[in-house]
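>
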Amino acid sequence: MPRTRNKDADLQRERLVRVERYRRDPLGFVTWAFPWGEPGPLQDHKGPEPWQAEVLREIGDRLEARDGPVRIAVASGHGVGKSALVAWLILWAAATVPSTRGVVTANTETQLKTKTWAELAKWQGLAATNDFNELGATSLASKLPVPEGPGRIDMVPWAAHNSEAFAGLHNKGSRVLLVFDEASAIADPIWETAEGALTDAGTEIVWVAFGNPTRTSGRFFECFNRFRDRWHTQQVDSRQVSLTDKAQLNQWVRDYGADSDFVRVRVRGLFPRAGTMQLIDGESVDDAVRRVPERDGPQGQRAPLVMGVDVARFGDDRSVIVLRRGRDARSIPIEKHRGLDLMTLAGRVAEIAFERGPAAVFVDETGLGAGVVDRLRQLGVQRVHGVNFGAAAARWDGDGAKTLYANKRAEMWGNLRDWLRGSGALPDDPELRADLTGCEYGYNGQGEIQLEKKEDMKKRGLASPDIGDALALTFAHPVRPDWLWDAPPRVRILDEDHEYDMFHDL
Numbered sequence: 039m040p041r042t043r044n045k046d047a048d049l050q051r052e053r054l055v056r057v058e059r060y061r062r063d064p065l066g067f068v069t070w071a072f073p074w075g076e077p078g079p080l081q082d083h084k085g086p087e088p089w090q091a092e093v094l095r096e097i098g099d100r101l102e103a104r105d106g107p108v109r110i111a112v113a114s115g116h117g118v119g120k121s122a123l124v125a126w127l128i129l130w131a132a133a134t135v136p137s138t139r140g141v142v143t144a145n146t147e148t149q150l151k152t153k154t155w156a157e158l159a160k161w162q163g164l165a166a167t168n169d170f171n172e173l174g175a176t177s178l179a180s181k182l183p184v185p186e187g188p189g190r191i192d193m194v195p196w197a198a199h200n201s202e203a204f205a206g207l208h209n210k211g212s213r214v215l216l217v218f219d220e221a222s223a224i225a226d227p228i229w230e231t232a233e234g235a236l237t238d239a240g241t242e243i244v245w246v247a248f249g250n251p252t253r254t255s256g257r258f259f260e261c262f263n264r265f266r267d268r269w270h271t272q273q274v275d276s277r278q279v280s281l282t283d284k285a286q287l288n289q290w291v292r293d294y295g296a297d298s299d300f301v302r303v304r305v306r307g308l309f310p311r312a313g314t315m316q317l318i319d320g321e322s323v324d325d326a327v328r329r330v331p332e333r334d335g336p337q338g339q340r341a342p343l344v345m346g347v348d349v350a351r352f353g354d355d356r357s358v359i360v361l362r363r364g365r366d367a368r369s370i371p372i373e374k375h376r377g378l379d380l381m382t383l384a385g386r387v388a389e390i391a392f393e394r395g396p397a398a399v400f401v402d403e404t405g406l407g408a409g410v411v412d413r414l415r416q417l418g419v420q421r422v423h424g425v426n427f428g429a430a431a432a433r434w435d436g437d438g439a440k441t442l443y444a445n446k447r448a449e450m451w452g453n454l455r456d457w458l459r460g461s462g463a464l465p466d467d468p469e470l471r472a473d474l475t476g477c478e479y480g481y482n483g484q485g486e487i488q489l490e491k492k493e494d495m496k497k498r499g500l501a502s503p504d505i506g507d508a509l510a511l512t513f514a515h516p517v518r519p520d521w522l523w524d525a526p527p528r529v530r531i532l533d534e535d536h537e538y539d540m541f542h543d544l
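Numbering (our numbering), first residue to last: 39 to 544.
(1) Determine, using beta carbons only, whether P396 and R518 come nearer to each other than 8 Å.
(2) Per DSSP, which one or two residues make a beta bridge with T69?
(3) Just checking my contact of G66 with D299 at CB under 8 Å: how many whole Å lie between their CB atoms?
(4) Less than 8 Å between the beta carbons of F218 and A179, yes or no?
(5) Alpha carbon to alpha carbon, what distance is there between K496 and G402?
(6) So, helix, strand or coil for A397, using DSSP?
(7) Which word fits N288, buried or exposed, when buried means at least 16 other C-beta atoms lie within 10 angstroms of its C-beta?
(8) Please confirm if the stretch 131-143 is in contact with the stretch 157-171, defined as three or more CB-CB distances below 8 Å between the two stretches.
(9) Could you compute how far the alpha carbon of S121 sits from the alpha carbon of P371?
(10) Judging by CA-CA distance, which residue of L378, L380, A384 and R333 is the nearest neighbour of A367?
(11) Taking the straight line between their C-alpha atoms, what separation do you get for A113 and Q272?
(12) Give the secondary structure of D535 by DSSP, where H, G and I count as helix, E and B as strand, and everything else as coil.
(13) Going straight from the alpha carbon of L240 to that of K210, what length do you get?
(14) In whole angstroms, give me the CA-to-CA distance for L511 and G307.
(15) Locate the alpha helix (DSSP H) running through N171, then write down its first and last residues.
(16) Could you give the DSSP three-state label for A179: helix, strand or coil?
(17) Can you find at least 3 beta carbon pairs, one from the stretch 211-231 and one from the stretch 136-148, that sit closer than 8 Å?
(18) Cα separation between D543 and L281?
(19) Which of the three DSSP states, helix, strand or coil, is assigned to T271?
(20) Please return the same chain residues whose Cβ sits closer than 8 Å to the Cβ of W521, not counting the five positions on each side in sequence.
(21) From R43 to R53, what distance separates their C-alpha atoms?
(22) Using a threshold of 8 Å, state whether the C-beta atoms of V410 and L380 are closer than that.
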């Protein structure tokens, strides 16, 4: 028995000594720590992708040079293995310097939990150092005894009004790891606060930022431009990575155009030409959550009540019912239903319609939704209008200028964006926020705004924006308020040149 204990202790010391060799060699650590090519999950993989190896090698070279903080920024297309690289860096940092302190953040908590942390759990299970750390729901804590005290790397969703987690990131004489995932969407104040962690003398500091290059403003963009002398930058084309689905990438090129902003961002790892790919920014949503809904006037209680119904298409989607009155989309709770059949959904919509009497009910009739429209009419619900997302957008806007929207869905979301920038009020709903800020856009061959497809959002790890689509449906057409009608209400959708403007005084 003592011999067994001694042998185990010897093996542990041998591992610790070996790991120490990789303190400034993350590529060596990744090559050694995982069972590349062995039977199991990695049997078909010989090691990191070339672009991943380049990043790991660059970090090691800069650590060896001991010339200040290591800053690495990577802009890439879709599906190149960013999350895997983030996991390797976390495990390398924690294993080779057990007193490492760090923060990993991303644009949403969903991204962190379902992508970043899930990937970390996978690689932690495969690592030769998997007993060095304890992986919790929101942190990776070292189990190794060290004089400086055990380290910990935390998962922290960023919030512009709550940057304390970044302000306190100091670890004098040891190591600090800072990881920004989906960095384009992280607000500038978080970047600025994080700079405070770079002031400790005698500390190894590694700051890495990964993301799709969706915006031509903000600190991630500036890593490749104004601040490029501080950052080692890399841009990765998805087509050059063995992991990616080449058929899907080629489909995107055919759908959007090889030099479209969508392909530049999602495939080629290049920044868009048109400023930003994000249709609705987080600040507009946060302002709408804080805003007090208007109660009086034409955009308050006198405004028409409009219902939007998004019908689930697939098993993991939800059917969503939203009611909005003028600038107020908060007062009436949003209903989200998973697994409802079409007739049950139609029954629930009819129940709400009979109770609240909306001036218009706009239902997504694309695909399965047509059945809901027919059933609502059979039930005697008034003012039901089917909306085909792929139908043509209005050809002219209210100012007589040609619209720039490729289809009805893009037009509705554009109207929703304008409403948010005005005085719209939203509920404090994280899922709604993720829907609104996650949807991106590009341009078709005619220069018209074209929203990212739902299935494409799913492919990059986001949920189908069912709540966002239901809210957008309330902007399908201008709707005349009851008090403008002398005759009994019948069809209340206005001609596009009518004097009533849903955005009046916004």
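For every residue, glycine included, the Cβ atom is placed at its ideal position computed from N, Cα and C.
On the basis of the coordinates in this document:
(1) For P396 and R518, no; Cβs fall outside 8 Å.
(2) DSSP, once it has assigned bridges, lists no residue as partnering T69.
(3) 39 Å between Cβ atoms; not a contact.
(4) Result no, Cβ atoms of F218 and A179 do not sit closer than 8 Å.
(5) Going by the sequence as given, residue 402 is Asp instead of Gly. Cα atoms of D402 and K496: separation of roughly 19 Å, rounded to the nearest angstrom.
(6) When DSSP states are grouped into helix, strand and coil, A397 belongs to the coil group.
(7) N288 comes out exposed.
(8) At 8 Å Cβ cutoff, the stretches touch.
(9) Put simply, the backbone Cα of S121 is about 35 Å away from that of P371.
(10) Of L378, L380, A384 and R333, the residue nearest in Cα terms is R333.
(11) Between the C-alpha atoms of A113 and Q272 there is a straight-line separation of about 6 Å.
(12) Confidence at D535 is low in this model, with a pLDDT of 37, below 50, so its placement is unreliable and the value that follows should be read with caution. D535: coil per DSSP, three-state reduction.
(13) It is worth fixing the name first, because residue 240 is Gly in this sequence and not Leu. Their Cα atoms are separated by approximately 7 Å.
(14) Computed Cα separation, rounded: 32 Å.
(15) Not the alpha helix (DSSP H): N171 falls in the beta strand (DSSP E), residues N171 to L173.
(16) DSSP places A179 in strand when its eight states are reduced to three.
(17) Yes, they touch.
(18) The predicted position of D543 is uncertain, since its pLDDT is 34 and thus under 50; a value taken from the coordinates is nonetheless stated next. Their backbone Cα atoms lie some 51 Å apart in a straight line.
(19) In the three-state reduction of the DSSP assignment, T271 falls in the strand class.
(20) Reliability of the predicted coordinates at W521 is poor, the pLDDT of 45 falling under 50, and the value obtained from them is presented with this limitation in mind. If the five residues before and after W521 are omitted, its C-beta is found closer than 8 Å to the C-beta atoms of R340, all from its own chain and listed in chain order.
(21) Any answer about R43 is weak, because its pLDDT of 48 lies below 50 and its placement is not dependable; what the coordinates show is given next. Using only the alpha carbons, I get a separation of about 15 Å.
(22) It is a contact, given that the beta carbons lie within the stated cut-off.
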